[in-house]
Structures are given as structure tokens and as C-alpha cells.
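In what follows, a structure is listed as C-alpha cells, so that the remarks can point back to it.
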Amino acid sequence: MSPTPPARRLRLHLPRRMFAQVLLMQVAIAAGVAVLATGLFLAPLSDQLDDQAMRRALSIAQTTAAQPQIAEDLTDTPATAGGPVQREAERIRTATKAEYIVVMDRRGVRWSHPTPSEIGRLVSTDPGQALAGHDVMQIDSGTLGRTARGKVPLRDGDGKIVGAVSVGIAYDSVRARLLHAIPGLFAYAGGALAVGALAAWLISRRVQRQTRDLAFSDISALLAEREAMLHGIREGVVALDRAGRIRLLNDEARRLLGIGDEAVGRSLDEALGEGRTADVLAGRVTGTDLLTVRGQRVLVANRMPTDDGGAVATLRDRTELEQLGRELDSTRGLIDALRAQDHEHANRMHTVLGLLELEMYDDAVEFVGEVVGDHRATAEQVAEKIQDPLLAALLVGKATVAAERGVALSLADRTGLPDRLIDPRGLVTIVGNLVDNALDATGGTPHARVEVELQAEGRTATLRVRDTGPGIPEEQRELIFTEGWSTKQRPAHRERGIGLPLVRRLAERQGGSATVGEAAGGGAEFTVVLPEALAEEDLEPALTMPSDPHAHTVAEEESR
């Protein structure tokens, strides 16, 4: 025998779409408010109608009791169906459309009544309070049914209570007024509900368009996926509102920009400070894959506007790639120098071989001596004026490359730099960038010449690099120090526009400056002033300050 299947529970399934759920909830709220408002209106309405009926009855009773003739007739005539009290009471009842007007004496005997047979009998309710001189309002039942009543004392000309007047308003008329008001009230409530339902539908349609008809579960899943994606990707993401304030930062963006959650809600200039990074993220600099330097990092930024007037910017860290590119440039420069030396060495060997074959031994010896002497003289000249070995080796290598390109690279007569550099690698980066730029500017021109001048005064080092190239137009002399700006063709392995901004950044980091002007004989003259480049004379350079870590990650860069 199979077991009895479990009974199915009745479940109410809400619609999945946010549009339908919002509409259903708003209509339910509107209906609930309409029902509640109707109930709150009907609850006091019945009491108000009762109070109005009792006050009307009391007002008629007071008007009747104010007639002095009624009090006189009550004391002077008998209680009969055709008596003057009955006639006057019926006249007033007919005029006021009251249910009854009963005039009684102090014993409670009726002198008037809509039913003549009741005249002369005792009233059905206690008239004690009215006969005691008090006005009475109440809802009560009597011989004519349930009525709203008003009772007042009846006084003679001397103010003595001789009886009482009781007036009743049929309670059915009060109920009829209440029932008559209900359809109109429901009509108003229904109209309000219809307007509320229409407003709910319009709002729900707007929600449907803005949420693209997604369900709450879909939105929840999208939010969870967004959080996982934003905090999991290796690109920095910065979301901005239409006013340019930061409204979202993922973990990578915080790391790359060096800011925290306190930046949320602030403008880019406030959070990052004025500079190219803030300009790129704010859209004041347009383009794709825009380069910017933030701290020790080289960043590539892209910005995409959003439909609400804001924007989303992505950041990629290109520091390692730039480092590899610069190392490749250094390797290529070394290869060029070795190739130039090899080419020059081969020519010299052929010359020596020819002299030997011609048995011109003295000339061969003299030629070899001159070649060795020239090379040694160049190295000795650099080493004599530049006592830092790293910087001297750089200039000797650059001289060989310059000779291969047909450019004369020389040191100015006033050059003199002691071996007290605090950050020799930083100065190597600055000199390498400026010399490479000068070689590129003068290469292929007649009588090409590049002159390097390095001077030391106290702890300040001043570098000047002059060339005989075309020079820098005055309107571009500040622009060339902007990240990403370059007049050269971009190489395949990396971006242009980093070298000169790096030169200025390294100079400013030491409290110095980097400027460009026009050389005396034409061309460009770059001047870099480093106020804290040299250690005190009695201190060893290695014990004063560690080398700039940024200089380890960037080398020479061609940029103009």
C-alpha cells in the first residue's frame, strides 16, 4: 500500500520582475491607505451625526420651552388631545419635522404626543434630570422607537419649573444620512485609489526602464558579480559622478593612486592634487591609453563616459613594462656603442694591415699610438672632470655612440663634478635622457655638436646639455615636460613621453628644477638644478642617503 502523498501547501508566488513587484507593492499600499482613510473617516462620522441629531433635538426643545404660553396652558388647561398644549406642540413638530414633541408636567404626565392616545399617560423614560433643571441629550428607545433626544425644563413666568419638554429625532434618519454619505466616500476613495494605481504604474514603468526589466535576484547577482570583478581584476577602476566626484574605487585603484576610502565623495583635484593624473581622469585631457606618472608608477589611463553624466576610468600599471623597455633601450645603446667600436676597430686593423704589407713599419707604429692615445685621452678627459665612475662611464659610452652618429659629444671647459653624489643613479637617468634627446635632435645635421656641462657649488649640482639641433619652440617649452607628449614616433615595445617628465620629477623631488631654453649658438639648452645632489665634503656618499628607488625602475628616454 503506497503511502499517502503529503498535502501541497498553497503558496503565493510573487512575480520575478522588479517592475511587476514594485507595481504590486505600490497598488497594495495605495489600496491599504484608501481603506484605512475610509475607515478612519467613517468611524467618527457616525458619532458626529448622532451629536448633530441630539443637538438639533435639544435646540427644538429649548425653542419650545421658551414659549411662555405653553407653560401657562400647562397649568391652566387639562391634558387632552385637543388642548392648546397639544396643538402648539404639533405645530412646532410639523414645522421642525421632529419625530415627537412631548410636553409633560412635574409628575411626568404627557400633555402632548404625536399619538393622541398617549396623552395623559406617564412618559416611558425618566424625566428626572430635566425636571431638576438640567438640559439632557441622549440616544434612547421609547414608545416611538430609537431616537436622538433632547430634554429641557419648562419654566413659568416666575422661573419656576412646571414641567419639561422632550423632543426626539428619528434615529433612522441619522442612519440614512450615514448610509447616504458612504457611496460618495467610497467614490472619492476609489478615485484616489485609481490615481494612486496610475502613479504606481508610471513609477514602475520608469523603474523598469532604469533597471532594464531585471528581477531583484538578477540585480543582487549583478552587484555580487560587480564586487567580485572590481576587487579581483588587476586594473584600477575609478567611477565618477556627473559632478566629477569619486564614487567608487577598487583595491587596485587605491594601490596605484596611493589613496584610500577617504577619497570617495571628493573631487579628483582634492583627492589626487592638481596635475596630469587628475586631468586625465577628469577628462580634461582626451585620448586613449594616456600616460601619466603617479609617484613611482607609470600608469596608462582610459576614460569612458556613462549615461548618467559620470564616467569610469581604468588604470593599468606600466611601470614594469616601461622598465623592460628602458632596459631594452639601454641594451640597444650598448650594442650600438659596441658596433661602433667594432666598426672603427675593423677600419683601424685594415689600416694597420695595409701599412705592414707596405713595410711602412714606422707609420704603423705611429698610427697605433695615435689611436690608442686618442681613445685614452677621451676617457681620461671625462674621468678627470667627472669623478663619479657611474656617470663617467655613461658619458664615455655616449661619446662612442655620438661618434657613430656623426655627432661631436664634448664636455664644457667649466665642467667639474666631485665624487660626492648622493644619488648617482638618479643623475645618470637625468643625463642619459637629456643626452639621448640631444643626439636624436642633432643626428643627420651638418656640424652636429652636443655639449655637456656639469658644475658643483657646495651641495648643488647644475647640469646643462646644449645641442645644435632645431631647438624647442617657445610655446612648447612647458608642454614637453607633460607625460605622454612627444614629437617622436612611438616604438613598438613602449610609449613615448616619459623621459622629460621624469627628469623634471626627479629634479623637483630634490627641491630643484628642470627648464629648457635656447642655446647661444642655436638649438636647445636644458638646465637641471639639483640643490641637494652632493654630500658634505667630510661625509661618504654611501652613508648619507640611499639612492632613489625610482631611478632603479627607469632609465634613459627619448622625448621632446
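Using numbering that gives the first Met the number 0, the letters of the sequence shown correspond one by one to residues 0 to 559.
Ideal Cβ positions, reconstructed from N, Cα and C, are used throughout, including at glycine.
Annotation: the continuous alpha helix (DSSP H) that includes T441 extends over P423 to T441. For Y99, the pairing in a beta bridge is given by DSSP as G167. Under the criterion of beta carbons closer than 8 Å, L505 and I429 qualify as touching, at roughly 6 Å.
Secondary structure note for A398: its alpha helix (DSSP H) is the uninterrupted segment P388 to R404.
For D75, the enclosing alpha helix (DSSP H) covers residues P67 to D75. In this structure, the CA atom of Q68 is about 54 Å from the CA atom of V34. Beta-carbon to beta-carbon, V161 and D104 are separated by about 7 Å, close enough to satisfy the 8 Å threshold.
In the DSSP assignment, G127 falls within the unbroken alpha helix (DSSP H) covering G127 to L130. For S123, the secondary structure class from DSSP, reduced to helix, strand or coil, is coil.
With contacts defined as CB atoms closer than 8 Å, L352 and L255 fail to qualify as a contacting pair. N346 has no beta-bridge partner at all, per DSSP. It is roughly 6 Å from the alpha-carbon of S266 to the alpha-carbon of I245. Nearest to V299 by C-alpha distance, out of V236, M359 and E269, is V236. Of the candidates A460, V502 and T414, V502 places its Cα closest to the Cα of E477. Bridge partners of D412 according to DSSP: none are assigned. By alpha-carbon distance to G516, the top candidate from E531, Q509, D466 and Q386 is D466. With a cutoff of 8 Å on beta-carbon distance, G132 and T146 are scored as not near each other. Distances from the CA of D306 to each of G272, E531, A363 and A238 were compared; the closest alpha carbon is that of A238. Between A196 and L23, the alpha-carbon positions lie close to 9 Å from each other.
By the CB criterion at 8 Å, G82 and T74 fall outside the cutoff. In the three-state DSSP reduction, R92 falls in the helix class (H, G or I). For I202, the secondary structure class from DSSP, reduced to helix, strand or coil, is helix. When the Cα atoms are used, V84 and R90 turn out to be separated by approximately 10 Å. Each of G521, L499, T459 and G522 was checked against the Cα of A513, and the nearest Cα belongs to L499. With at least 16 other beta carbons inside 10 angstroms of its own, D72 counts as buried. Closest option to P472, judged by alpha-carbon separation, among G521, D439 and Q454: G521. The criterion of a C-beta distance shorter than 8 Å is not satisfied by I138 and A97.
Rounded to whole angstroms, G257 and L247 show a C-alpha spacing of 15 Å. Taking a C-beta distance under 8 Å as the contact criterion, G149 and L57 qualify as a contact pair. Taking 8 Å as the cut-off, the beta carbon of L438 is found no closer than this to the beta carbon of R463.
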